[in-house]
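What follows is one structure encoded as structure tokens, with my remarks underneath.
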Amino acid sequence: MSEHHWAATLQEHWDITAGLSRLDGEYDLNFLAEGHDGQGYILKAMRPGCEPWLVEVQILALEHIATEQPDLPCPRVIRTPSGSAMLELPDDNGDLRLVWLQNRLQGRCYAKTEPKTLELIHEIGHVLGLSADALKDFRHDGLERDFKWDLMQAGWIAKELDCVTDPSRRTILNDISSDFSEIEPSLANLPKQAIHNDANDYNILVAGELNDPRKVSGLIDLGDMCTAPRICDLAIAGAYIVLDHAKPEQALAALVAGYHAANPLTPAEVDLIWPLLRARLAVSVVNSTLMAADNPDDPYVVISQAPAWRFLENHPIHQGLLTAQLRAACGLPVVDGADRVLAYLDTERGNFASLMGTDLANTPMGSLSVENSTWPQNPFHMSLEEAARVGEEFGTDLWLGYYHEPRLIYAEPAFRKGPYKASNRRTVHLAVDGFAPAETPLFAPLQGEVFVVENRNNHLDYGGVIILRHKTPDNDAFYTLYGHLNPECCDRLTPGDIVEKGSEFCRLGNASQNGGWAPHVHFQLALTTEGIEADWPGVADPDEMVLWQAICPNPAALLNLPDDKVMYQPTNKDEVLAGRKAHFGGNLSLTYSDPVMLVRGWKHHLFDEWGRPYLDAYNNVPHVGHAHPRIQAVAADQLKRMNSNTRYLHPAQTAFADKVLSKLPDSFEVCFFVNSGTEANELALRLARAHTGAKGMVTPDHGYHGNTTGVIDVSAYKFNAKGGSGQADWVELVEVADDYRGSFKRDDANRAEKFADLVEPAIEALQNKGHGVAGFIAETFPSVGGQIIPPKGYLSSVYEKIRAAGGVCIADEVQTGLGRLGDFYFGFEHQEALPDIVVMGKPIGNGHPLGVLVTTKAIADSFAQGPEFFSTFGGSTLSCRIGKEVLDIVDDEDLQGNARQMGALLIDGLRTLEQKYDCVGGVRGMGLFLGLELINPDGSEATQISSYVKNRMRDYRILIGSEGPKDNILKIRPPLTIDDEGVEMILTALDKVLSEID
14 MSEHHWAATL
24 QEHWDITAGL
34 SRLDGEYDLN
44 FLAEGHDGQG
54 YILKAMRPGC
64 EPWLVEVQIL
74 ALEHIATEQP
84 DLPCPRVIRT
94 PSGSAMLELP
104 DDNGDLRLVW
114 LQNRLQGRCY
124 AKTEPKTLEL
134 IHEIGHVLGL
144 SADALKDFRH
154 DGLERDFKWD
164 LMQAGWIAKE
174 LDCVTDPSRR
184 TILNDISSDF
194 SEIEPSLANL
204 PKQAIHNDAN
214 DYNILVAGEL
224 NDPRKVSGLI
234 DLGDMCTAPR
244 ICDLAIAGAY
254 IVLDHAKPEQ
264 ALAALVAGYH
274 AANPLTPAEV
284 DLIWPLLRAR
294 LAVSVVNSTL
304 MAADNPDDPY
314 VVISQAPAWR
324 FLENHPIHQG
334 LLTAQLRAAC
344 GLPVVDGADR
354 VLAYLDTERG
364 NFASLMGTDL
374 ANTPMGSLSV
384 ENSTWPQNPF
394 HMSLEEAARV
404 GEEFGTDLWL
414 GYYHEPRLIY
424 AEPAFRKGPY
434 KASNRRTVHL
444 AVDGFAPAET
454 PLFAPLQGEV
464 FVVENRNNHL
474 DYGGVIILRH
484 KTPDNDAFYT
494 LYGHLNPECC
504 DRLTPGDIVE
514 KGSEFCRLGN
524 ASQNGGWAPH
534 VHFQLALTTE
544 GIEADWPGVA
554 DPDEMVLWQA
564 ICPNPAALLN
574 LPDDKVMYQP
584 TNKDEVLAGR
594 KAHFGGNLSL
604 TYSDPVMLVR
614 GWKHHLFDEW
624 GRPYLDAYNN
634 VPHVGHAHPR
644 IQAVAADQLK
654 RMNSNTRYLH
664 PAQTAFADKV
674 LSKLPDSFEV
684 CFFVNSGTEA
694 NELALRLARA
704 HTGAKGMVTP
714 DHGYHGNTTG
724 VIDVSAYKFN
734 AKGGSGQADW
744 VELVEVADDY
754 RGSFKRDDAN
764 RAEKFADLVE
774 PAIEALQNKG
784 HGVAGFIAET
794 FPSVGGQIIP
804 PKGYLSSVYE
814 KIRAAGGVCI
824 ADEVQTGLGR
834 LGDFYFGFEH
844 QEALPDIVVM
854 GKPIGNGHPL
864 GVLVTTKAIA
874 DSFAQGPEFF
884 STFGGSTLSC
894 RIGKEVLDIV
904 DDEDLQGNAR
914 QMGALLIDGL
924 RTLEQKYDCV
934 GGVRGMGLFL
944 GLELINPDGS
954 EATQISSYVK
964 NRMRDYRILI
974 GSEGPKDNIL
984 KIRPPLTIDD
994 EGVEMILTAL
1004 DKVLSEID
């Protein structure tokens, strides 16, 4: 149909001049009208023969919503100047169509929106709840329609299931159809109202690009409206929300919670969501299968089923457990009677028999939390030797372990919820522990029936375990679990036995009996066993605690204790953030808009206060990995002895110097040990001036060498920044040798020499100003400049020119040294250049404050003619031992070789992404010093895309950084311990995140 025809129609009848473009529509004509006045409209021309009531009901419903909920993001009907909301007009062929107009809502459909966060889904539920509330009083005779998409009529599919020929799929649909038959009476008893009935992923609009927050900007297309219980509306939306979502249960819970916040649901309604959701998917696939039979040449009909089948076939979700999750998300009792059980337990608090045979009111608590404990040393493996000693620091007398406490002792892969070490994992304890000597007897807090008694003798399992079933005076059931017992209880008890209140019914097992742990009882309460039966999770994912705290609440009442005594509360991140803002400078930056609070580390992983793991692909300071046991041992050993400075002799000083010099060319003979790379660079300037008698320095633009006054003057990254001091008269900048964006590109065979020639005008300027040339200082491979690898030969040519002018050459290897580059121990080796001074920092101490400067004897002798040099802590015995241990570990664990191998895997994967995504302009780096240049469609620096990717990678539990003058270079420089699993995780997540960018 001609856009010209409908533009003329719009002008004639609505007096709106606009350009039209066709939009998708299954049966009707839809046009986007861009008005010459800047306004946007949607012109709708219904299919010939469309019944007027169908358009009328939509118009009236939209106007009703606008009156009842004027802030809802629903379209507004635009009437003609004469007041008509709908006209009957001919199309190009003379066929009459019902034509009407809406205002245009901004945004894109939810189906094409990324990321589909739980916060956004919660807002969708909220909007849907408000719309249902607005429509509850809306009436129209046409809404009582015989309609296959009316979920109350979903039973029609039962007679059509033979159209699905795959036996396994037909079985799934039969089960859904049977479940629907069971709930039909309950559904029929619910009140009915007008509902949207088709809040699918194309009828929800979302505004917000890249780093903007995603907000629901539209709920559109009321063409499938009908009268039904409001829960049908929510279930239909849920059917689309779960499709291809990485966390479908959490997504559905967020949707339901949002709806409930706007339009409170009853438990009976919540219980119907899952069977209705599946019924909607079944209606969809059966309907499309029937359509495919009628339209065999249209492949899209069958393709459209794929997401539904992916969900139905690959997500075996337990209805009872999911329903409990949805109830918990709404703050409703997880099962009927759960609220009465909790009230009973609270009333009886103080009257239960003592589990441990003694009053626990004054029993000390011991924390095994992520923050307060270092069990186990390796948070990804709990050895049996460690498990048998857990908590030994709290003594051998009775003590209690916290409920709701995040712990890393649950270290084995079974506790992970994904393929990677940094995948979500279960960390939060759902019980109270009672630690006491083996064979300590336990007494039943109240009468119970044995529900389970088993010996679970797998590695670090429960050993002997008992579950008792109890009933309140109102006949509401609940359960208690006792784990890590002496399995002799299995010989005495059988399911169905009655255990009387106060009776001794089991004893604590020792490590050979209780799964391998230090003797203790794991005491857990559950209000339902739906979906967990006898296999209760003893710990939960911190992001699922709304569910698990509701199912397994604090059992303090059964111990005759106040809840607060055994309820662990991690350090509040918001309070820490507020304290930081109050007591630290405003220009001390924090990464991420929602900062992470990290309290433990191991190798290339970090853990927050809830035990959530993160893959550290950013921090180069822990060169040999976080919390390396050899560094722990060396530091502890030396601090037991003494820690002094270089005014006194100690073999650690010369041993460290020998180790450092063994990695350098023979011309380097003298070491200076200082506190940091900043101090080392500051010292390098002093050495250069002492040796040359000149002051002037040449340095590449956007370099960074530290934060003291002297080195800020040679750090354009700082002095040219907002509020910076500006360029000093004795400093000359030269262009960074960036052959991607610089003056000389990669297709220029002479680019290295051309970049090097740029130092000549700088040398001349310093000489003309009378400063002379003291030297040239550069990050060998500019890091803050964007992870740049200068063309080979650049540095050697620059050094030659600087020396010819009387200067010395300083190689800042803080970022690139010590094997990070894989093929080279230092960056200057790649350049086949020999500096006069080499500076090392950060990584050489693996987090301990340490910097090193090495130079020639001649330069050191020139410096020695001046005043005494002394650094209180740089050459301390502790620092020297740690520094040498870091270098020994790099050698002993072949971490340089690992950097070469893992770097090659990363580079290959990044280059694949470069070919796949237009926003990736280039890959640069070597070893584990890597950068990914992100670009806009016009090739300019994509600062916003870089920020988006960095934050989204954090959502995937990966920490990376960004650099470059426009902050558009993703910086990947993990500890040298990273393995192929970590590389795979980076590349997989980065692929997903880049796919979200248009």
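Counting with the working numbering, you get residues 14 to 1011 for the letters of the sequence shown. Just so you know, even glycine gets a beta-carbon here, dropped at the ideal spot from N, CA and C.
Residue i - DSSP class collapsed to helix/strand/coil
i: residue 241; result: strand
i: residue 827; result: coil
i: residue 448; result: strand
i: residue 226; result: coil
i: residue 176; result: helix
i: residue 966; result: helix
i: residue 116; result: strand
i: residue 390; result: coil
i: residue 269; result: helix
i: residue 220; result: strand
i: residue 430; result: coil
i: residue 436; result: coil
i: residue 677; result: coil
i: residue 876; result: helix
i: residue 695; result: helix
Proximal residues to residue i (C-beta, below 6 Å), its chain only, five neighbours per side dropped
i: residue 751; result: 801
i: residue 717; result: 728, 730, 797
i: residue 969; result: 1002
i: residue 934; result: 946, 948
8 Å contact criterion, which residue i and residue j should meet: CB distance rounded
i: residue 530; j: residue 401; result: 7 Å
i: residue 1007; j: residue 962; result: 7 Å
i: residue 210; j: residue 246; result: 6 Å
i: residue 700; j: residue 687; result: Their Cβ separation, rounded to whole angstroms, is 12 Å, which puts residue 700 and residue 687 out of contact at 8 Å.
i: residue 832; j: residue 945; result: That belief does not hold up - the Cβ atoms of residue 832 and residue 945 are roughly 22 Å apart, past 8 Å.
i: residue 879; j: residue 703; result: 6 Å
i: residue 369; j: residue 449; result: 7 Å
i: residue 451; j: residue 532; result: 4 Å
i: residue 417; j: residue 442; result: 7 Å
i: residue 346; j: residue 555; result: Not quite, the Cβ-Cβ distance comes to about 23 Å (not below 8 Å), so this is no contact.
Sequence-distant residues of the same chain with beta carbon closer than 7 Å to residue i, five excluded per side
i: residue 998; result: 433, 435, 628, 971
i: residue 898; result: 643, 644, 647
i: residue 723; result: 695, 698
i: residue 868; result: 681, 683, 700, 849, 850
i: residue 23; result: 29, 31, 46, 56
i: residue 742; result: 782
i: residue 586; result: 610, 622
Identity of the residues DSSP links to residue i by a beta bridge
i: residue 208; result: 239
i: residue 745; result: 711
i: residue 686; result: 865
i: residue 419; result: 441
i: residue 46; result: 33, 54
i: residue 231; result: 218
i: residue 552; result: 442
Chain-order list of residues whose beta-carbon lies under 8 Å from that of residue i (same chain, five-residue window excluded)
i: residue 359; result: 570
i: residue 109; result: 61, 101, 102, 103
i: residue 903; result: 636, 637, 831, 832, 909, 989
Closer than 7 Å: residue i CB and nearest the ligand FAD heavy atom
i: residue 665; result: With respect to the ligand FAD, the structure shown offers nothing to examine, as it has no ligands at all.
Uninterrupted alpha helix (DSSP H) stretches inside the segment 577 to 664 (no shorter than 4 residues): 586 to 596, 642 to 654
Where are the alpha helix (DSSP H) runs, 4 residues long or more, that stay fully inside the segment 316 to 361, in chain order? 319 to 327, 332 to 342, 351 to 361
Can you list the alpha helix (DSSP H) stretches of 4 or more residues lying completely in the segment 895 to 963, in chain order? 908 to 929
Length at least 4, wholly inside the segment 788 to 859: the alpha helix (DSSP H) runs in chain order: 807 to 817, 840 to 843
If we require 4 or more residues per run, which alpha helix (DSSP H) segments fall completely within the segment 130 to 189? 131 to 148
Along the chain, which unbroken stretches of the beta strand (DSSP E) at least 3 residues long are found entirely within the segment 460 to 519? 461 to 469, 476 to 484, 490 to 498
If we require 4 or more residues per run, which alpha helix (DSSP H) segments fall completely within the segment 712 to 782? 722 to 725, 729 to 732, 764 to 770, 772 to 781
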